[in-house]
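Below is one structure; the comments refer to it alone.
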Amino acid sequence: MAKTTPLPKPLAVGPGATAFQLAAVDPAATFGLKKKQALKEMEVWHPELLDLQTRLFAENRHSLLVVLQGMDTSGKDGTIKHVIGHFNPVDVRITSFKEPTPEEQRHGFLWRLRRALPGPGQVGIFNRSHYEDVLVAKVEALVPPAVIEKRYEEISKFEGDLQKGGATILKFCLHISWEEQRRRLHERLERADKIWKFSEHDLDVRAKWDQYMAAYSAALLRCSDPVPWYVIPADNKWVRDWAVTHLLLDALRGMDLKYPPPKVDVKAMKARLKAEVHVTQA
């Protein structure tokens, strides 16, 4: 088992929390790590991540759901590429949630989430998620406050039911600063390989930064039981990747995953292979 540098306790917003302000979390925190050290640790961890994912698939009993939330440019796609990319893609189900389609709007807000859940043995990734319905919906006043309050309760029950059904859930809030987002948005406007991502709507949302910070604070606090949130400082991409990889590894280790016993008589199969004679067909 690869040695890991401990994560600080304040990273989690979990059961029992009575107050939380996202704006009070330093998005440029490095946990006292140096970049070289973090990259070296991740290089050691990646083979173990893949092995544990293979055990998850082979055991075919439990699932892992990773929820990625964050403001525009916070690194959701980057996390998928640089962290989740070390899993076997065959057994990973990635869903990016955009604005609800007309069909999705005809159902409850959790309907489209249920359709995207990972099955036994799978890893599921939500790029944005059901939390859009208590973040965007709250800031943009798409529904009355009473509906938002009800959704907090529905989300907690939904996640609790998933846990009872054998799912392990990791919720990551990728937290960047106002200044770092401006730098990344400007970079998008300067680079041909990124400008296609740019939307004027990004600036409209950015203009409501404080409202979104308040909405995130409320959602993380209200929906931290039974499944805690992890606030990931994301101004430094290497810190983001290190922290998410660390927490993924901890979660998979904690699932006590084992390869199932062989379905065949191994000794007999070896003997059969040894005794084989290749006969060329005429």
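Residue numbers for the sequence shown follow the UniProt record's numbering, so the first one is 1 and each next one is one higher. Each residue gets a CB set at the ideal place from its N, CA and C atoms; glycine is no exception.
(1) Evaluate the contact criterion for the stretch 124 to 139 versus the stretch 93 to 111: three or more CB pairs, one atom per stretch, below 8 Å.
(2) Taking the alpha-carbon positions, what's the Gly-75 to Pro-15 distance?
(3) Residue 333: buried (16+ other C-beta within 10 angstroms of its C-beta) or exposed?
(4) Would you decide whether Pro-260 is buried or exposed? Buried here means 16 or more other CB atoms lie within 10 Å of its CB.
(5) Going by DSSP in three states, Val-83 sits in which element: helix, strand or coil?
(6) Starting from His-46, trace the alpha helix (DSSP H) both ways and give me its first and last residue.
(7) Spell out a yes or no on whether the stretch 247 to 265 and the stretch 203 to 213 are touching, meaning 3 or more CB-CB pairs, one atom from each, closer than 8 Å.
(8) What is the C-beta distance between Asp-72 and Val-123, in whole angstroms, given that I count them as a contact (C-beta under 8 Å)?
(9) Flag this pair as yes or no: are the beta carbons of Leu-252 and Gln-69 separated by less than 9 Å?
(10) Pull up the CB-CB distance for Val-13 and Pro-144, whole angstroms please, since I reckon it's below 8 Å.
(11) Do you know offhand how far His-47's Cα is from Gln-211's?
(12) With respect to the beta strand (DSSP E) encompassing Gly-124, which residues constitute its N-terminal and C-terminal limits?
(13) Within its chain, find whatever has a CB closer than 6 Å to the CB of Tyr-216; leave out the 5 residues flanking it on each side and keep chain order.
Walking through what the data contain:
(1) yes
(2) 26 Å
(3) The requested residue 333 does not occur in the structure, where the chain is confined to residues 1 to 282.
(4) exposed
(5) coil
(6) Here the alpha helix (DSSP H) through His-46 covers 35 to 59.
(7) no
(8) About 25 Å separates the beta carbon of Asp-72 from that of Val-123, a gap too long to meet the 8 Å contact definition.
(9) Cβ distance not < 9 Å, so Leu-252 and Gln-69 don't count as in contact.
(10) Not really, about 26 Å apart at Cβ, beyond 8 Å.
(11) It should be pointed out that residue 47 corresponds to Pro in this sequence rather than to His. Their backbone Cα atoms lie some 41 Å apart in a straight line.
(12) 123 to 127
(13) Leu-22.
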